[in-house]
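Trainee:
In this note's numbering, the protein residues as written are 672 to 1295.
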């Protein structure tokens, strides 16, 4: 059986048959190798399907005139049967090929539509393309958006075996490759048609595309998506001159279309991932900003020294910071807490006026300021109330009132005395010396008042200088007793000194320490009735592991009520009993004493019982 390709070599064949006899064998349609076999007779019958010759059936014989008409008829019948069989075989093979191609295309389509990662999809496409098209390897190159460079994104052998060294070379430093440097690639891109290169070594393909991989021949297929060339698919064969069939080329073009879809999907997937990552990053950044802002607001809310209350329009409390929560639940008495809640309700009802009010509670003065909440996201919350502790301001106000009252009294009495004795000096000039002594005492009293006020001012401005040095505490207490002995005797009091063991030294400014003791002893003498006793003692005591030098002034006077004890060191404070008895004083003596002792690093404590007496203890640092 000979295919139609032999037609020219055999010469013309008659429509039905051809007989070659001895005289024509050498000139007839016999092949040279047949002539050498001493063939004397030959019969050739065409194989036809629907009038088209698809081949020839030939029989040969060494005999002359070997074939009769019967032989011709028999061979013609056999040729007809063979033609049908060959055609059926061809149709079956074509059907099988198309089924295989359809299977490959379906597998690739399923792969592309799967949820695999883009690289995995391209890998499967490359392997299946190489196998289906009879290539050794399939390489997919991506064309940049400007159509200027090619970058390999996948390369796989038909066997699917891994070759990392090849891939390392393939993605080496010489990529991306400029399209203008590869004429074959440029031609395929411009024509949008497959390009076959039978001899890769003889082509203008870059050497690093060919030599490291032993490429013999190449089929280049453009990858087209949405009317745009997005890349190239190269099908390599190790054999030089290997020819891809028309069916393989057609299949390669179809697979190329699917590969283009895969590349486009990969691009969209990458863009989607990038966009998702960007959105995620933005959401993360915004969330971080909101969390930071919330944390900042929460920190401000929680660490504010003022109380903050968030309420609805009816005054129902929705949220409080720790300060306000402590006032409402622990610090205030139930009655005062109820008053605070009532004030919140009242302010909430008038919130548009931005109202303010001051609550005077037991031991606490609170200023409340309300403002409406207009920010979104605060459903239900309508009012924010800032609660400011103004107790110190009220205390200053009360201190100012006491100061004005005390100083006015302290000034009015001496002025009255001065005017009186001035008139007496005019009436009785012979007694001017006696009256002048009284005027001098009153002037000294005014000077002490002014000095006390100035000293308080120096405390506040930090301008009071201290010069501490080791001083004998026994000497200080003895000196203050000696200087006040005459005054005590005039008041009918006993002033007793009880020294400590010899050698007790305190680290103090002697002048300031003397001022402290003088204030304490003078107060004790002033507030102790006739017949009473004042005891000044020095000693040494240990508290919490530290040893202190102590000076104690105790009297048997009227004592201090328990409710007044927390206020005795406040500036300008005077108890009710001394004011009732109209005893002179500014309320600065104890405040000055405490300030001086604290500047030494010490403290002053008081113990008292009404109608029994009072004891002040000065704690001073020991000298090393």
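Just so you know, even glycine gets a beta-carbon here, dropped at the ideal spot from N, CA and C.
(1) Sorted by chain position, which residues of the same chain lie with C-beta nearer than 7 Å to residue 675's C-beta, five sequence neighbours on each side aside?
(2) Using the three-state DSSP reduction, which class does residue 1152 fall into: helix, strand or coil?
(3) What residues in its chain sit with their C-beta under 7 Å from that of residue 1162, if we drop five residues either side in the sequence?
(4) Helix, strand or coil: which one does DSSP assign to residue 1043?
(5) Does DSSP put residue 915 in a helix, in a strand, or in coil?
(6) Any chance the segment 998-1008 sits against the segment 962-973, with 3 or more Cβ pairs inside 8 Å?
(7) Take the Cβ of residue 1145 as the centre, count every other Cβ of all protein chains shown within 10 Å, and call the residue buried at 16 or more, exposed below.
(8) Just to confirm the assignment, what range does the alpha helix (DSSP H) spanning residue 880 have?
(9) Here's the rule I'm using: 16 or more other beta-carbon atoms within 10 Å means buried, otherwise exposed. How should residue 1229 be labelled?
(10) Report the rounded CA-to-CA distance for residue 985 versus residue 940, giving the unit in angstroms.
(11) Thinking just about the alpha-carbon of each residue, which of 819, 871 and 762 is nearest to the one in residue 883?
(12) Hey, which unbroken runs of the alpha helix (DSSP H) at 4 residues or more fall wholly within the segment 966-1008?
(13) Tell me residue 1168's beta-bridge partners as DSSP assigns them.
(14) Based on DSSP bridge pairs, tell me the residues matched to residue 1285.
(15) For a test of the three-state rule: what should DSSP assign to residue 698, helix, strand or coil?
(16) If you follow the beta strand (DSSP E) that residue 1260 is part of, which residue opens it and which one closes it?
(17) Let's test the definition: count the other Cβ atoms within 10 Å of the Cβ of residue 715 and tell me whether it reaches 16, buried, or not, exposed.
(18) Where residue 1341 and residue 1241 are concerned, what is the direct C-alpha to C-alpha distance, given to the nearest angstrom?
(19) Helix, strand or coil: which one does DSSP assign to residue 1019?
(20) Taking all protein chains shown into account, decide if residue 1143 is buried (16 or more other Cβ within 10 angstroms of its Cβ) or exposed.
(21) Can you name the residues that DSSP bridges to residue 849?
(22) For residue 1285, does the count of other Cβ atoms within 10 angstroms reach 16, so buried, or fall short, so exposed?
(23) Flag this pair as touching only if the segment 898-915 and the segment 944-952 have three or more C-beta atom pairs under 8 Å; answer yes or no.
(24) Using a Cβ-Cβ cut-off of 6 Å (strictly less than) and excluding sequence neighbours within five positions of residue 905, which residues of its own chain qualify?
(25) Between residue 1059 and residue 977, is the Cβ-Cβ spacing less than 8 Å?
(26) Please report how far the alpha carbon of residue 1114 lies from the alpha carbon of residue 1291, in whole angstroms.
(27) Rounded to whole angstroms, what's the CA-CA distance from residue 1287 to residue 1232? Just pull it up for me.
(28) Please classify residue 1302 as buried or exposed, where buried requires at least 16 other C-beta atoms within 10 Å of its C-beta.
(29) CA-CA distance, residue 1295 and residue 1211?
(30) Please report the residue range of the beta strand (DSSP E) in which residue 1137 lies.
Mentor: Taking the structure as given:
(1) Because residue 675 carries a pLDDT of 43, less than 50, the predicted location of this residue cannot be relied on, and the following value inherits that uncertainty. So the list reads 724, 725 and 726, once near-sequence residues are dropped.
(2) In the structure shown, residue 1152 sits in a helix (DSSP, three-state: H, G or I).
(3) Take residue 1162, set aside five residues on each side of it, and the residues of its chain with a beta-carbon closer than 7 Å to its own are 1196 and 1201, in chain order.
(4) If DSSP states are grouped into helix, strand and coil, residue 1043 belongs with the strands.
(5) Residue state for residue 915 is assigned as coil, using DSSP reduced to three classes.
(6) Three or more Cβ pairs closer than 8 Å define a contact, and the segment 998-1008 falls short of that threshold against the segment 962-973.
(7) Around the Cβ of residue 1145, a 10 Å sphere holds 16 or more other Cβ atoms; the residue is buried.
(8) In the DSSP assignment, residue 880 falls within the alpha helix (DSSP H) that extends over 878-881.
(9) Buried: at least 16 other Cβ atoms inside 10 Å.
(10) Rounded to whole angstroms, residue 985 to residue 940 spans 55 Å at the Cα level.
(11) If we check each option's Cα against that of residue 883, 871 comes out closest.
(12) With a minimum length of 4 residues, the continuous alpha helix (DSSP H) runs that stay inside the segment 966-1008 are 993-997.
(13) Beta-bridge pairing links residue 1168 to 1207.
(14) Bridge partners of residue 1285: 1279.
(15) Bear in mind that the predicted position of residue 698 carries a pLDDT of just 42, short of 50, making it too unreliable to give a figure here.
(16) For residue 1260, no beta strand (DSSP E) segment is defined; the enclosing uninterrupted segment is the alpha helix (DSSP H) at 1260-1270.
(17) Counting other Cβ atoms within 10 Å of its Cβ, residue 715 reaches 16 or more and is therefore classed as buried.
(18) Outside the shown range of the chain, which is 672 to 1295, sits residue 1341, and nothing can be said about it.
(19) Here residue 1019 sits in helix by DSSP.
(20) Its Cβ being crowded by 16 or more others within 10 Å, residue 1143 is buried.
(21) According to DSSP, which records beta bridges pairwise, residue 849 is partnered with 820.
(22) Flag for residue 1285 reads buried.
(23) The segment 898-915 vs the segment 944-952: no contact.
(24) The beta carbon of residue 905 sits closer than 6 Å to those of 810, 889 and 891, all from its chain and outside the five residues before and after it, given in chain order.
(25) Yes; because the gap between Cβ atoms is below 8 Å, this pair is in contact.
(26) Answer to the nearest angstrom: the Cα atoms are 33 Å apart.
(27) Straight through space, the alpha carbons of residue 1232 and residue 1287 are spaced by roughly 15 Å.
(28) Residue 1302 falls outside the range modelled here, since the chain spans only 672 to 1295, and no answer is possible.
(29) In a straight line, the C-alpha of residue 1295 is about 14 Å away from that of residue 1211.
(30) No beta strand (DSSP E) contains residue 1137, which DSSP labels as neither H nor E.
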